[in-house]
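Scroll down for the structure; my scribbles are underneath it.
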């Protein structure tokens with residue numbers, strides 16, 4: 012069975028989905044929908060670029076619509092709007108707003124008899140699965156999540172809003188000593204400062220006051236003031252050459268004990284050269300699963316917690332049992 | 012809802028299940044069934060010890076029967092025998108025979124309208140899940156599994172069968188350089204010898220020829236001849252004091268690339284003080300899931316690949332979305 016998917020929104024994530032489809036023979040990309048003028052959107056493949064409005068009637072021939080947008084303003088509107096018309100998936104990642112987003116998407120999907128999966132990706136997504144499996148198996152223990160080394164878009168944006176800053180990139184870096192203490196089973200109580208450091212690469216506007224900018228970064232509430240921060244001033248050329256990739260990753264650990272007192276450590280980690288390309292690869296695997304759930308007559312919203320792992324794979328159950336179990 | 016479980020077979024695994032139940036408030040251990048004389052079986056809890064024959068009529072009040080036995084001879088008989096009478100779970104771990112075992116258990120479970128989950132544990136089990144998720148997300152890449160540091164029961168038994176050996180324990184140890192090469196994304200082609208070393212602690216019978224025993228170990232086909240092996244001769248007291256724990260663990264890695272060529276590494280690892288206690292904890296979490304699948308009207312055999320992760324947790328879906336996603 013071929014799954015026909017379409018993309019709504021052609022940014023880094025949409026481009027990643029377009030790329031991931033080429034690695035999955037059973038998935039066909041049938042359209043890239045955009046809210047911009049389609050004539051202005053150059054895509055990497057021969058996929059037709061179509062106006063988003065064409066989705067409105069709910070009559071496009073699509074098994075799963077992958078909604079690629081930001082969690083702040085795009086997805087809270089787009090996913091509920093389309094969940095009644097198509098099977099959809101998004102990567103909504105504002106953890107605190109997941110319950111509200113789920114409720115809105117679930118109502119629309121049930122009404123339309125469609126399947127919607129929210130918050131797919133790696134965190135939320137694969138990291139959430141690591142937390143759930145580990146907590147279910149070791150009910151008594153401590154959870155630790157470390158992010159990085161990787162670019163934090165939110166922190167980079169925050170630096171760019173400081174007067175005198177022309178451009179900036181911020182890396183979140185786990186503190187190796189903290190990670191090692193967790194791995195040794197010491198179950199440390201870690202403060203924010205003890206878990207991560209933040210490294211900033213900043214390009215100044217001409218004539219800007221470097222010391223003032225550094226102060227503004229280091230003391231920025233919530234974003235930086237609780238961390239040890241390094242600020243490096245570099246040229247735009249160096250930023251473009253050395254810091255234009257989008258690596259990320261991290262570590263999810265659960266350190267627990269069975270009732271005898273014996274210690275156990277479960278660790279899941281990702282090291283990603285491209286955060287959006289990897290997230291897109293997760294979306295495509297879950298799109299396959301959604302098509303199967305829809306074909307089985309399911310409807311409503313779900314998350315990675317609700318999807319049997321076998322549905323992610325192009326292989327049949329007997330092959331999976333023989334080769335992956 | 013309380014899930015009533017019972018244990019069939021009271022060895023290391025059965026004892027681990029008995030222990031794991033104490034960490035799960037929604038699970039009640041209602042019986043320990045044994046093929047030995049129940050009067051001779053001392054258990055750690057106040058659970059009634061009952062003759063296995065009492066299970067035969069299929070009338071015991073049990074939601075899930077956890078079958079704790081060896082994969083060589085016990086489980087191929089026991090799991091199909093009880094799968095038609097009770098919802099069951101086992102930790103069958105002879106990878107090559109999984110398809111045949113699945114077929115036998117599936118036929119019995121379908122006939123009886125029961126749910127049966129085979130091959131739960133960590134390998135097969137959690138490691139299988141790590142392989143499946145990682146392969147589904149990164150279809151182009153290489154898989155690596157390293158085991159240890161841990162006691163291999165099979166290799167310890169093989170040493171004990173050598174004339175002149177009184178007792179022995181064998182540790183399987185991943186080669187750090189190989190693991191690091193994989194983590195660096197080098198996608199190495201690794202021989203058996205390059206992946207693991209084997210360390211043996213051997214107690215000789217009085218008057219036995221140490222050199223001959225060492226030769227016999229090192230040259231043993233399949234078990235040792237393809238590995239770098241260290242043999243240490245120690246006293247029974249030292250073996251008992253230093254090597255009676257049952258630690259194990261390992262690493263599952265997938266190193267892959269998205270279509271752009273960007274590299275990604277997914278790693279899952281376990282470090283376990285007690286192999287049987289951890290395996291038992293996995294069995295108990297999946298017993299909860301089986302009870303839920305049975306309550307939802309499912310029947311037939313399944314594996315960890317078929318179980319939605321949320322079913323493993325005592326928490327409700329809305330709580331999981333709010334706190335684990």
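Protein chains in written order, with our numbering: chain R, 12 to 336; chain S, 12 to 336.
No residue lacks a Cβ here, since even glycine has one placed at the ideal position from N, Cα and C.
Should residue i be flagged as near chain R, meaning a C-beta pair shorter than 9 Å?
| i | result |
| --- | --- |
| residue 31 of chain S | yes |
| residue 343 of chain S | The question about residue 343 of chain S has no answer here: the residues shown for chain S are numbered 12 through 336. |
| residue 65 of chain S | no |
| residue 336 of chain S | yes |
| residue 82 of chain S | no |
| residue 162 of chain S | no |
| residue 316 of chain S | yes |
| residue 233 of chain S | no |
| residue 94 of chain S | no |
| residue 110 of chain S | yes |
| residue 100 of chain S | no |
| residue 323 of chain S | yes |
| residue 137 of chain S | yes |
| residue 243 of chain S | no |
| residue 146 of chain S | yes |
| residue 311 of chain S | no |
| residue 149 of chain S | yes |
| residue 175 of chain S | no |
| residue 319 of chain S | yes |
| residue 153 of chain S | no |
| residue 181 of chain S | no |
| residue 27 of chain S | yes |
I want to see whether chain S comes within less than 9 Å of residue i, judged by CB atoms only; does it?
| i | result |
| --- | --- |
| residue 157 of chain R | no |
| residue 329 of chain R | yes |
| residue 91 of chain R | no |
| residue 172 of chain R | no |
| residue 106 of chain R | yes |
| residue 142 of chain R | yes |
| residue 288 of chain R | yes |
| residue 250 of chain R | no |
| residue 189 of chain R | no |
| residue 113 of chain R | yes |
| residue 2 of chain R | The structure shown has nothing for residue 2 of chain R, since chain R only spans 12 to 336. |
| residue 128 of chain R | no |
| residue 61 of chain R | no |
| residue 23 of chain R | no |
| residue 246 of chain R | no |
| residue 253 of chain R | no |
| residue 261 of chain R | no |
| residue 285 of chain R | yes |
| residue 291 of chain R | yes |
On the DSSP bridge list, what partners appear for residue i?
| i | result |
| --- | --- |
| residue 266 of chain S | S:153, S:276 |
| residue 15 of chain R | R:39 |
| residue 75 of chain R | R:16 |
| residue 281 of chain S | R:277, S:261 |
| residue 33 of chain S | DSSP, once it has assigned bridges, lists no residue as partnering residue 33 of chain S. |
| residue 162 of chain R | R:182 |
| residue 44 of chain S | S:19, S:61 |
| residue 176 of chain R | R:215 |
| residue 311 of chain R | R:126 |
Inspect the CB distances between the stretch 125 to 132 of chain S and the stretch 29 to 36 of chain S and report whether three or more fall short of 8 Å.
-> no
When Cβ atoms are compared, which residues of the stretch 266 to 283 of chain R fall closer than 8 Å to chain S?
-> 269, 270, 271, 273, 274, 275, 276, 277, 278, 279, 280, 281, 282, 283
Taking contact to mean at least 3 C-beta pairs separated by less than 8 Å, is the stretch 254 to 273 of chain S in contact with the stretch 178 to 193 of chain S?
-> yes
Every unbroken alpha helix (DSSP H) within the stretch 92 to 133 of chain R, with a cutoff of 4 residues, ordered by chain = 109 to 123
Completely contained alpha helix (DSSP H) runs for the stretch 198 to 268 of chain S, where each covers 4 or more residues = 203 to 206, 221 to 229, 247 to 253
Name the residues in the stretch 199 to 229 of chain S whose C-beta lies less than 7 Å from a C-beta of chain R; which are they?
-> none
Hey, is the stretch 187 to 202 of chain S in contact with the stretch 266 to 285 of chain S, meaning 3+ C-beta pairs nearer than 8 Å?
-> yes
Segment contact, 8 Å Cβ cut-off, at least three pairs: the stretch 38 to 56 of chain S with the stretch 307 to 316 of chain S = no
Quick one: which residues of the stretch 39 to 50 of chain R get their C-beta closer than 7 Å to a C-beta of chain S? List them in chain order.
-> none
Does the count of Cβ pairs from the stretch 289 to 306 of chain R and the stretch 120 to 128 of chain R closer than 8 Å reach three?
-> yes
With 7 Å as the C-beta to C-beta threshold (strictly closer), list the residues of the stretch 293 to 305 of chain S near chain R in chain order.
-> 293, 296
Examine the Cβ distances between the stretch 289 to 297 of chain S and the stretch 111 to 122 of chain S and report whether three or more of them are shorter than 8 Å.
-> no
Touching by the beta-carbon criterion (3+ pairs, under 8 Å), the stretch 285 to 293 of chain S and the stretch 209 to 224 of chain S | no
Counting Cβ pairs closer than 8 Å, one from the stretch 16 to 28 of chain R and one from the stretch 76 to 83 of chain R, do we hit at least three?
-> yes
Does the stretch 244 to 260 of chain R touch the stretch 252 to 259 of chain S, meaning 3 or more C-beta pairs lie closer than 8 Å?
-> no
Take every Cβ of the stretch 98 to 108 of chain R, pair it with every Cβ of the stretch 34 to 44 of chain R, and state whether three or more of those distances are shorter than 8 Å.
-> no
Touching or not, the stretch 224 to 243 of chain S and the stretch 172 to 183 of chain S, by the rule of three or more beta carbon pairs under 8 Å?
-> yes
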